[in-house]
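Residue numbers (UniProt numbering): 1 to 128.
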């Protein structure tokens with residue numbers, strides 16, 4: 001299975017004492033059932049090719065992600081800069097890859113240190 005096998009062959013016999021070259025080493029019904037279960041278990045152990053988060057990881061993912069936050073108090077109309085914006089946990093707010101879009105814009109409100117930053121906190125015009 002690990003190398004892509006799709007067909008498995010196993011010699012089967014009703015009685016190990018029957019005449020012929022294969023019966024003595026062939027699987028009887030009990031051994032065949034064990035073999036089939038072992039193949040099924042190996043298939044389950046391989047898992048899926050898709051790499052997806054587990055239910056627990058999905059439930060807690062926001063706690064481990066980061067958001068854009070004020071790293072110090074920001075006054076209304078103060079320009080956003082690397083000195084007043086940073087990223088912290090939890091990740092329930094604006095994603096860090098959007099932080100650069102705030103630099104050069106003014107704050108539309110007073111923002112306390114540690115508070116999540118939102119798109120509405122950014123004034124639309126560039127600071128001159």
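We treat Cβ as the ideally placed atom computed from N, Cα and C, and that holds for glycine.
Please read these numbers as outputs of a predicted model, since none were measured by experiment.
For residue 15, count neighbouring C-beta atoms within 10 Å of its own C-beta (all shown protein chains included) and say buried if the count is 16 or more, exposed if not. What you label residue 15 is simply residue 15 of the chain shown in a count that begins at 1. Residue 15 should be labelled exposed.
Cα-Cα separation, residue 7 to residue 54: Numbered from its first residue, the chain shown carries residue 7 at position 7. Numbered from its first residue, the chain shown carries residue 54 at position 54. Their backbone Cα atoms lie some 31 Å apart in a straight line.
Residue range of the unbroken beta strand (DSSP E) whose run includes residue 4: Here residue 4 refers to the residue found at position 4 of the chain shown. In the DSSP assignment, residue 4 falls outside any beta strand (DSSP E) and carries neither an H nor an E.
Please name the residue in 32, 42, 36, 13 whose C-alpha comes closest to that of residue 3. Position 3 of the chain shown, counted from the first residue, corresponds to residue 3. The residue with the shortest Cα to Cα distance from residue 3 is 42.
If we ignore side chains and look at the alpha-carbon of each, how far apart do residue 23 and residue 5 end up? As a working note, residue 23 is residue 23 in the chain shown. As a working note, residue 5 is residue 5 in the chain shown. When rounded, the distance between both Cα atoms is 25 Å.
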